[in-house]
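Have a look at the structure below before the remarks.
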Amino acid sequence: GESVGLHLPTLSVQEGDNSIINCAYSNSASDYFIWYKQESGKGPQFIIDIRSNMDKRQGQRVTVLLNKTVKHLSLQIAATQPGDSAVYFCAERYRDDKIIFGKGTRLHILP
Amino acid sequence: DAGVIQSPRHEVTEMGQEVTLRCKPISGHNSLFWYRQTMMRGLELLIYFNNNVPIDDSGMPEDRFSAKMPNASFSTLKIQPSEPRDSAVYFCASSPGGGYTFGSGTRLTVV
């Protein structure tokens with residue numbers, strides 16, 4: 007699938023290093039947040055989620071941090087691999103179950 | 004589970020023609036969403052359904068766009084008449100409540 011191309015921020019990370027992708031969300035009433043990964047030619051794929059009553063959640067090689075005070079979300083990927091190259095979207099859910107996506111960040115892995 | 008199934012995968016049509024995109028959600032998921040993705044605007048929510056009922060269609064760009072969900076296992080997004088600016092990748096996603104599962108998308112090109 008297409009992703010926002012020309013205007014996407016890009017993060018370049020050395021293979022094996024940790025990646026941190028940041029996101030600012032807009033609605034203080036949002037109660038659920040999700041990170042998605044989109045590879046070229048594919049639809050967004052769920053990575054990890056977090057509810058607003060938590061500030062940290064860990065998965066396999068990924069951690070999401072939520073700071074509600076400043077409406078900030080981050081995704082940390084440990085030991086970045088070539089397969090992590092993709093566009094990453096944060097998304098927030100409004101209380102009516104509508105999920106709104108951010109613009110995305112392209113993660114580029116350096117050999 | 005085959006996931007969310009969209010058809011066609013690619014569609015090329017002439018300006019003024021009617022286009023119908025199809026989606027089969029995951030069985031048991033009670034919410035269905037249609038998104039459009041372009042380079043300039045990223046992922047935009049067009050409309051979503053809950054238990055086959057349209058809940059929010061505020062993202063539908065114009066009256067040329069319409070969506071239906073006649074039953075729990077099928078939804079369509081129709082554009083009539085189509086215009087070149089409708090060219091994008093259209094994604095369908097379904098959810099049981101919480102994170103979404105996306106289909107592979109339909110790449111629409113209107114010439």
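Top line first, the protein sequences correspond to chains A and B.
As numbered in this note's numbering, the first sequence has no gaps in its residue numbers, which increase by one up to the final residue, 117.
As numbered in this note's numbering, the second sequence has no gaps in its residue numbers, which increase by one up to the final residue, 114.
Ideal Cβ positions, reconstructed from N, Cα and C, are used throughout, including at glycine.
- In this chain, the beta strand (DSSP E) harbouring residue 28 of chain A covers 25-30.
- For residue 28 of chain B, the secondary structure class from DSSP, reduced to helix, strand or coil, is coil.
- Counting only Cβ-Cβ distances below 7 Å, residue 104 of chain A has contacts in chain B at 48, 51 and 59, in chain order.
- In the DSSP assignment, residue 105 of chain A is bridged to A:99.
- Residue 45 of chain B carries a strand assignment under DSSP once its states are collapsed to helix, strand and coil.
- Taking each of B:108, B:51 and B:64 in turn and checking the Cα distance to residue 45 of chain A, the smallest one comes out for B:108.
- Taking one beta carbon from each stretch, the segment 18-34 of chain A and the segment 31-39 of chain B have fewer than 3 pairs nearer than 8 Å; the two do not touch.
- Out of B:78, B:89, B:6 and B:68, the CA that lies nearest to the CA of residue 50 of chain A is found in B:6.
- Look at residue 55 of chain A: its C-beta is under 7 Å from a C-beta on chain B.
- Between the segment 36-43 of chain A and the segment 88-95 of chain A there are three or more inter-stretch CB-CB distances shorter than 8 Å, so the stretches are counted as touching.
- According to DSSP, residue 57 of chain B shares a beta bridge with B:52.
- By the Cβ neighbour-count rule, residue 11 of chain B is exposed, with fewer than 16 other Cβ atoms within 10 Å of its own.
- Counted as a single uninterrupted DSSP element, the stretch harbouring residue 20 of chain B is not any beta strand (DSSP E), since DSSP gives it neither H nor E.
- If you check the CB distance, residue 87 of chain A and residue 69 of chain A do not come in under 7 Å.
- In this structure, the CA atom of residue 99 of chain A is about 4 Å from the CA atom of residue 105 of chain A.
- For residue 113 of chain B, the uninterrupted beta strand (DSSP E) segment begins and ends at 109-113.
- Nearest C-alpha to residue 112 of chain B among B:13, B:47 and B:71: B:13.
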